[in-house]
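**Q**
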Amino acid sequence: MADPRFFRLAGPFTLGEIATQVGAEVAPGADPGRSISDVRPLGEAGPDHLSFLDNKRYADAFQASRAGACLVDAEMAAQAPSGMALLVSKKPRLAFARACHLFYPEAEARSARHASAAIDPSAVLGERVEVEAGAVIGAGAEIGARCRIGANAVIGAGVVLGEDTVVGANASISHALVGRRVVIYPGARIGQPGFGFEVSAQGVVKVPQLGRVVIGDDVEVGANTTIDRGSGPDTVIGRGAMIDNLVQIGHNVVVGDGCILVAQVGISGSTRLGNFVVLAGQAGISGHLTIGDRAVVGPQSGITKDLPADSRVMGLPAMPMAEYARLSAQLKRMGRKGK
Amino acid sequence: MADPRFFRLAGPFTLGEIATQVGAEVAPGADPGRSISDVRPLGEAGPDHLSFLDNKRYADAFQASRAGACLVDAEMAAQAPSGMALLVSKKPRLAFARACHLFYPEAEARSARHASAAIDPSAVLGERVEVEAGAVIGAGAEIGARCRIGANAVIGAGVVLGEDTVVGANASISHALVGRRVVIYPGARIGQPGFGFEVSAQGVVKVPQLGRVVIGDDVEVGANTTIDRGSGPDTVIGRGAMIDNLVQIGHNVVVGDGCILVAQVGISGSTRLGNFVVLAGQAGISGHLTIGDRAVVGPQSGITKDLPADSRVMGLPAMPMAEYARLSAQLKRMGRKGK
Amino acid sequence: MADPRFFRLAGPFTLGEIATQVGAEVAPGADPGRSISDVRPLGEAGPDHLSFLDNKRYADAFQASRAGACLVDAEMAAQAPSGMALLVSKKPRLAFARACHLFYPEAEARSARHASAAIDPSAVLGERVEVEAGAVIGAGAEIGARCRIGANAVIGAGVVLGEDTVVGANASISHALVGRRVVIYPGARIGQPGFGFEVSAQGVVKVPQLGRVVIGDDVEVGANTTIDRGSGPDTVIGRGAMIDNLVQIGHNVVVGDGCILVAQVGISGSTRLGNFVVLAGQAGISGHLTIGDRAVVGPQSGITKDLPADSRVMGLPAMPMAEYARLSAQLKRMGRKGK
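Residue numbers (numbering that gives the first Met the number 0), protein chains in the order written: chain G, 0 to 338; chain C, 0 to 338; chain D, 0 to 338.
1. Can you name the start and end residues of the alpha helix (DSSP H) that D:C69 belongs to?
2. How is the alpha helix (DSSP H) around G:E162 delimited, first residue to last?
3. Around the Cβ of C:R188, are there at least 16 other Cβ atoms within 10 angstroms (buried) or fewer (exposed)?
4. Anything in chain G within Cβ reach of D:Q329, meaning under 7 Å, just list it in chain order.
5. Specify the secondary structure class of D:V206 as computed by DSSP and reduced to three states.
6. Rank D:Q62, D:F6, D:N54, D:G28 by C-alpha distance to the C-alpha of D:V38 and give the top, closest one.
7. Go ahead and pull the three-state DSSP assignment for G:M241.
8. Report buried or exposed for G:S81, applying the criterion of at least 16 other Cβ atoms within 10 angstroms of its Cβ.
9. If you measure from the beta carbon of G:R112 to each beta carbon in chain C, is any gap under 8 Å?
10. Determine the direct distance from the alpha carbon of D:E24 to that of D:E16, and round the result to whole angstroms.
11. I'd like to confirm the pairing. Which residues does DSSP put opposite D:A84 in its beta bridges?
12. Label D:P91 either buried or exposed according to how many other C-beta atoms from any shown protein chain fall within 10 Å of its C-beta, with 16 as the threshold for buried.
13. Taking only beta-carbon atoms, is G:Q263 less than 8 Å away from chain D?
14. On a Cα-Cα basis, can you pick out the residue from G:D292, G:G249, G:G283 that is closest to G:C258?
15. Could you tell me whether the Cβ atoms of D:G67 and D:A94 are closer together than 8 Å?
16. When you compare the stretch 55 to 72 of chain G with the stretch 172 to 189 of chain D, are there three or more beta-carbon pairs, one atom per stretch, that lie closer than 8 Å?
17. Applying the 10 Å Cβ sphere with the 16-neighbour rule, what's the burial state of D:S267?
18. With 7 Å as the limit, tell me which residues of the stretch 139 to 152 of chain C have their beta carbon closer than that to any beta carbon of chain D; keep them in chain order.
19. For a minimum of 3 consecutive residues, which ranges assigned as the beta strand (DSSP E) are wholly contained in the stretch 2 to 86 of chain D?
20. For G:A58, collect the residues of the same chain with a Cβ closer than 8 Å to its Cβ; drop the 5 residues on either side in sequence, then sort them by chain order.
21. Whose Cβ in chain C lies nearer than 7 Å to the Cβ of D:H339?
22. Please give the ranges of any beta strand (DSSP E) in the stretch 78 to 151 of chain C, keeping only runs that are unbroken, at least 3 residues long and fully inside the region.
23. Output the boundary residues of the alpha helix (DSSP H) element that contains C:S339.
24. Does G:G249 have its Cβ less than 8 Å from a Cβ in chain D?
25. Could you tell me the alpha carbon to alpha carbon distance between G:R56 and G:I242, rounded to whole angstroms?
26. Taking C-beta to C-beta, are G:G215 and G:R238 nearer than 8 Å?
27. With H, G and I counted as helix, E and B as strand and the rest as coil, what does DSSP make of G:P179?
28. Compile a chain-ordered list of the residues in the stretch 311 to 326 of chain C whose CB is closer than 7 Å to at least one CB of chain D.
29. Which complete alpha helix (DSSP H) runs does the stretch 260 to 286 of chain G hold, if anything under 4 residues is left out?
30. Residues in the same chain with beta-carbon distance under 6 Å from G:S285, minus the five sequence neighbours each way, listed in chain order, please.
31. Compare the C-alpha of G:A156 against each of G:G167, G:A138, G:R228 and name the closest.
32. Counting C-beta neighbours from all protein chains within 10 Å, is the total for D:V123 16 or more, i.e. buried, or is it exposed?
33. Measuring CA to CA, which of G:N169, G:A114, G:H113, G:V128 is closest to G:A106?
34. Roughly how many angstroms separate the alpha carbons of D:C69 and D:L86, rounded to a whole number?
35. Just the C-alpha distance for C:F275 and C:I248, rounded to the nearest angstrom, thanks.
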């Protein structure tokens, strides 16, 4: 069981209830009324627990498991140990994720404002907004219903948060319009001025950054990630984008819907990512580029030119992944032979 | 117009006032008394707006623009559409940056201390210092006139901030002497102990870090950037250095005047950068090196040896940029041919 | 002398006291009763100061030094200038680190809770815990004796901190069990959910992250570093691990005892590091790997396969360090010759 100091266990639920909630079918022979008390990995599950199998490599663990119930695909169902109740799903891992939500539901926002929070009188808070200790909400900010604002987070003047959005501890947001159901992790920095200046004979002249950050619904922004506001145009994060920790997004960048940006990625100013682009960890993208839909960039790669849709590239310099694999083998050979 | 929730528009100004403020000349035929209400890019500007052209590539947009006034260089002036008033400047982009400051001036510090700020009685605050909600100022700190301390920022005991310095939300500063007109972005960490320890038979012995961080005038420190204090000598950031987000600066590092450090750069302990050095994004510099004045290091490059002044290098391993371009072409060829 | 605004000088101490404390021997001819007032590098030390020599390269500075006393190894003792009192140690640098602790002791936690701190009534604080301004401590948290909680730091519900642990300003910790004598630097983020989701036809389904972060004794976690909690298993940081700034540690990662992770390193989910592994700056480790004890990975390297114990690798792709050195020389040659 998850540590009760940190997680609240719901349930128990019957197999039938679980099947309905996660989109699976109770296999013939299993009792839909059977009670399940918790979710567990195959190796740790007992007779009251639900587990899952999503990879044939774990068939041995599946057959040895004492799990009372298990999510599997139809193909693997025949290999189940006797006595195990099966829930059949085409995507057992996805269904298990849903089961975890069922057993460990997210805490709902409580309509509560800690006495130490500093909320400007002109800010507008929707119903059931929770504001934790030390949080600061600036003048004219609009906080949607059921938002949760974490301890010591700072929401700047005029910022708009859609409904059900969560802001983590110590995060700060300014000059931004944020969608619904967005999750901003602790320490994220959103809306500060971008890195813009002109060099003159008298020294650096900063270019005023007059744009905003506009974040779509269902986005995640990782811990200590930084998203600068636009210089005139906006910096835009498309609906459903998943952004990991310590990512840098420069001013005027457009991140398309459903993009996945893994930790420590950096995107320079004014670059546009299409939809469903994947950037693996520590990849770097130069400024003013256009990256096509569904492009995939490998870890630590450096992108200095536009990429067409459906590209799959890797390396420094970046090249198609198959070519990178070949080059990589050759470089290793050169190192070994010294010629 | 910039979003009025976040930006306050000043003006209107006459062409003559603008020309004086930005260092441009009203072209013959233009009316110095013409009133301008806002700044806009060429494609969005109307008869009341000022725009700019700084690149011949945008000559078409220039000729099609409905902007009432435009900053251009003398060479392009002849191609202006009829009716457009011109302000002639050798550096139209720089002049436009100044015009943006004119129309959207930075908010001035208000002499205000939020009731929830915790200011040690022994701290000394200059005139017209603004302290936002939840900010903490430690014992003996000295805060110069017109500084603004952002919400939930933490200024440690004894820290000195020069006049007109701005500290962003949730930033923390300790063991540091900071100059005038410095801008420290949200979440920056300045003055924590460096990564110093000795390994003994009984385990790690930390080496006390007894130096400071000393930051010159007009420096910018980006969001979530970290600057460790010196171990005995100081960590020093020279006047006018521009440091982007998520940069790491180790103990005892010296960054010269006017250096530009792009996002996610890392500089290991005791390395010294000369003046006007440029490190592109994600570049890494080993410890105990000397990097000469005006050296330029390309993105994601790894520097493991001293660099003379005016070097231009790139790559892993780093080499002169022209050589890197050649190598890069060869590596791509090797990947394609598989030999 | 270290800046008295930031550091409190203890002492003076006699040579004999120092020798005992740092594990050195007073050399014949030196007066154990001689009083020493401070520590200094060789070039800055005067007759009242203790310095050290740990490298023959600095023999000239040693002979020219005016230091009243110096830590040296037996071999170099004979070269000391006349009048310098010697403390002989096999590890002069380590002994000097200890002397620095003697002259500049860490401030002890004061039993003090700032009025602006928000401590949940159900949190349990040990004796002599110090809680600075604006810090937040959640329901059911357990804070060990003599812990110091920095200004505006956030300790989430149920978090456990062992005795003598220090949490820096603006750091946040949730879902974590933290050992004794741990130092968490400003802005570190510990315990937020990992980057886990499944893609479904209806969009992304987040996978609940039901594990914790478990941190051993004597660990350091650098400024703005991020450590995600486990997805079901825990994320584990072994005893004595030293983690620098801006490091990313994904969910379910296990970092062994005594590992050293230099700034901006990234470790993807479910990777396991053995004990005493060293990852140099900006190195990236893919997920689900096993890295053997004492493996050393060079800066900016990319690890995509398991590494056996005692490996020493570097590069993109990573290879044994000797091979990387050879390859590196060849690549530079290719760049120069253009063939």
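Using N, Cα and C, we set each Cβ at its ideal position, and we do this for glycine too.
**A** This is what the structure gives:
1. In the DSSP assignment, D:C69 falls outside any alpha helix (DSSP H) and within the unbroken beta strand (DSSP E) covering 68 to 71.
2. Segment: none, G:E162 is in no alpha helix (DSSP H) and carries neither H nor E.
3. Within a 10 Å sphere around the beta-carbon of C:R188 sit 16 or more other beta-carbons, which makes this residue buried.
4. Listed by position along chain G, the residues whose Cβ is nearer than 7 Å to that of D:Q329 are M333.
5. DSSP, reduced to helix, strand and coil, places D:V206 outside both helices and strands of the structure shown, so it counts as coil.
6. Nearest C-alpha to D:V38 among D:Q62, D:F6, D:N54, D:G28: D:F6.
7. Of the three classes helix, strand and coil, the one that applies to G:M241 here is strand, per DSSP.
8. Result: exposed.
9. Taking a beta-carbon distance threshold of 8 Å, G:R112 does not count as an interface residue toward chain C.
10. D:E16 and D:E24: Cα-Cα distance of roughly 10 Å.
11. DSSP lists D:A68 as partners of D:A84.
12. With 16 or more other Cβ atoms within 10 Å, it is buried.
13. Taking Cβ atoms only, chain D reaches closer than 8 Å to G:Q263, which makes this a yes.
14. If you compare the alpha carbons of G:D292, G:G249, G:G283 with that of G:C258, the shortest gap goes to G:D292.
15. No, the Cβ-Cβ distance between D:G67 and D:A94 is not below 8 Å.
16. With the cut-off at 8 Å, the stretch 55 to 72 of chain G and the stretch 172 to 189 of chain D do not touch.
17. So D:S267 ends up on the buried side.
18. Of all residues in the stretch 139 to 152 of chain C, G139, N151 have a Cβ within less than 7 Å of some Cβ in chain D.
19. The qualifying runs are 48 to 51, 68 to 71.
20. Cβ neighbours of G:A58 beyond the five flanking positions: L52, M75, Q78.
21. Since the first and last residues shown for chain D are 0 and 338, residue 339 of chain D lies out of range.
22. Listed in chain order, they are 84 to 87.
23. Here chain C has residues from 0 to 338 only, and residue 339 of chain C is not among them.
24. For G:G249, the answer is no, since every Cβ of chain D falls outside 8 Å of its Cβ.
25. Each residue's alpha carbon lies about 30 Å from the other.
26. Contact check for G:G215 against G:R238 passes: the beta carbons are separated by less than 8 Å.
27. Looking at the sequence provided, one finds Arg at residue 179 of chain G rather than Pro. Reduced to three states, the DSSP call for G:R179 is coil.
28. Answer set for the stretch 311 to 326 of chain C: L315, P316, M318, E322, Y323, R325, L326.
29. The stretch 260 to 286 of chain G contains no complete alpha helix (DSSP H) run of 4 or more residues.
30. Closer than 6 Å at Cβ, skipping near neighbours: S267, T303.
31. Among G:G167, G:A138, G:R228, the Cα nearest to that of G:A156 belongs to G:A138.
32. Here D:V123 is exposed, its C-beta having fewer than 16 other C-beta atoms within 10 Å.
33. For G:A106, the nearest C-alpha among the options comes from G:V128.
34. Each residue's Cα considered, the two are about 6 Å apart.
35. Between C:F275 and C:I248, the alpha-carbon positions lie close to 16 Å from each other.
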